[in-house]
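Let me begin by presenting the structure, written as structure tokens, before commenting on it.
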Amino acid sequence: DVKVTQSSRYLVKRTGEKVFLECVQDMDHENMFWYRQDPGLGLRLIYFSYDVKMKEKGDIPEGYSVSREKKERFSLILESASTNQTSMYLCASLPSGRGKYNEQFFGPGTRLTVL
Amino acid sequence: AQSVTQLDSHVSVSEGTPVLLRCNYSSSYSPSLFWYVQHPNKGLQLLLKYTSAATLVKGINGFEAEFKKSETSFHLTKPSAHMSDAAEYFCVVSDLGGTSYGKLTFGQGTILTVHP
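Chains A and B supply the protein sequences, listed in that same order. Quick note on this note's numbering: the first sequence kicks off at 1 and runs consecutively. Quick note on this note's numbering: the second sequence kicks off at 116 and runs consecutively.
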């Protein structure tokens, strides 16, 4: 079974802090994604990466950056956390090949609260 | 461009009665469609997916969905609800949209409540 793990289930930070959210997958997938989930809005894509050191902006990248130094690990960085970044953050991975037919595999999520 | 609309934000049923969660989509390409489920404090789990092989798709836990191109719909059904079905359900569309992978667009989610 594919396993996607996220470093924290719950995180509380203060406004202005630098925040790192870590995601690791164990299935050698090329593609990895960061989403945020808010009630009534579904999931929205923040950033994705299709290879080591490669990244592309998603639909809502403002206030976030990412890092992918190793294939299995994809980090989301909040350079200066703000209260409107309080949310649930979900990481996902996806194998290459078969394009749109592949489903993404999701981690359990990190619920971040910024005070 | 692609989009997904889940027509109900909340659905409430009694245990043992049928479940219907409605989803309409739009896509510029021939899409794939998915239903994911999220139980409280858990990650998203794939229920089923449509990949053009068959219009009626069977998934896990007795769920199924029918792709209707003329109606641009992909409604999720189950003949008899179980208490363990209580969760949030997401309809998702995926098309290439000029990328080499499937870009996912999520619906807003439907919270299913099951009463004893």
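For each residue, glycine too, the CB sits at the ideal point set by N, CA and C. Keep in mind it's a predicted model, so treat the numbers as computed, not measured.
DSSP beta-bridge partners of residue i
{"i": "A/R73", "result": "A/V24 and A/K70"}
{"i": "A/Y50", "result": "DSSP, once it has assigned bridges, lists no residue as partnering A/Y50."}
{"i": "B/T192", "result": "B/L135 and B/E179"}
{"i": "B/K157", "result": "Answer is none; B/K157 lacks a bridge partner."}
{"i": "A/M32", "result": "A/S49 and A/S93"}
{"i": "A/R111", "result": "A/Y10 and A/M88"}
Minimum Cβ-Cβ distance from residue i to chain B less than 8 Å
{"i": "A/P61", "result": "no"}
{"i": "A/L11", "result": "no"}
{"i": "A/F106", "result": "yes"}
{"i": "A/E103", "result": "yes"}
{"i": "A/G16", "result": "no"}
{"i": "A/L90", "result": "yes"}
Test item: CB-CB of residue i and residue j under 8 Å
{"i": "A/E72", "j": "B/K164", "result": "no"}
{"i": "A/E42", "j": "B/F205", "result": "For the record, residue 42 of chain A in the displayed sequence is Gly; it is not Glu. Going by C-beta atoms, A/G42 is nearer than 8 Å to B/F205."}
{"i": "A/M27", "j": "A/R68", "result": "no"}
{"i": "B/Q117", "j": "B/V207", "result": "no"}
{"i": "A/T86", "j": "A/L45", "result": "no"}
{"i": "A/Q25", "j": "A/K3", "result": "yes"}
{"i": "B/A180", "j": "B/L191", "result": "yes"}
{"i": "A/Y47", "j": "A/V66", "result": "yes"}
{"i": "A/F105", "j": "A/S93", "result": "yes"}
{"i": "A/L115", "j": "A/V12", "result": "yes"}
{"i": "B/L159", "j": "B/F178", "result": "no"}
{"i": "B/S127", "j": "B/Q223", "result": "no"}
8 Å Cβ cutoff, residue i in contact with chain A
{"i": "B/K183", "result": "no"}
{"i": "B/G222", "result": "yes"}
{"i": "B/F178", "result": "no"}
{"i": "B/L106", "result": "Any answer about residue 106 of chain B is impossible in this case: the structure gives chain B only from 116 up to 231."}
{"i": "B/L219", "result": "yes"}
{"i": "B/F189", "result": "no"}
Residue-chain proximity (residue i, chain D), Cβ-Cβ < 8 Å
{"i": "B/G131", "result": "In the structure shown, chain D cannot be found, because the protein chains are A and B."}
field: Stretch-stretch touch, CB-based, cutoff 8 Å, three pairs: the region 68-83 of chain A with the region 16-23 of chain A
entry: Contact holds: three or more Cβ-Cβ distances are below 8 Å.
- prompt: Counting Cβ pairs closer than 8 Å, one from the region 166-186 of chain B and one from the region 216-229 of chain B, do we hit at least three?
  reply: Contact between the region 166-186 of chain B and the region 216-229 of chain B is absent, because fewer than three Cβ pairs lie under 8 Å.
- prompt: Taking Cβ-Cβ distances below 7 Å as the criterion, which residues of the region 30-45 of chain A are in contact with chain B?
  reply: Residues passing the 7 Å Cβ filter: N31, G40, L41, G42 and L43.
query: Okay, do the region 180-199 of chain B and the region 138-155 of chain B touch, 3+ Cβ pairs below 8 Å being the bar?
result: Counting Cβ pairs under 8 Å, three or more are found: they touch.
message: Using 8 Å as the cut-off, can you tell me whether the region 124-133 of chain B makes contact with the region 192-201 of chain B, which would need three or more C-beta pairs spanning the two stretches below that distance?
response: In this structure the region 124-133 of chain B lies against the region 192-201 of chain B, because at least three pairs of beta carbons, one per stretch, are closer than 8 Å.
query: Just by C-beta distance, which residues in the region 140-151 of chain B are closer than 9 Å to chain A?
result: Against chain A - using a Cβ distance shorter than 9 Å - the residues of the region 140-151 of chain B are Y144, S145, P146, S147, F149 and Y151.
- prompt: Which residues, taken in chain order from the region 156-172 of chain B, show a beta carbon closer than 9 Å to some beta carbon of chain A?
  reply: Listed by position along the chain: N156, K157, G158, L159, Q160, L161, K164, T166 and S167.
- prompt: the region 51-75 of chain A: which residues have C-beta closer than 7 Å to a C-beta of chain B, in chain order?
  reply: Contacts with chain B (Cβ-Cβ distance below 7 Å) from the region 51-75 of chain A involve no residue at all.
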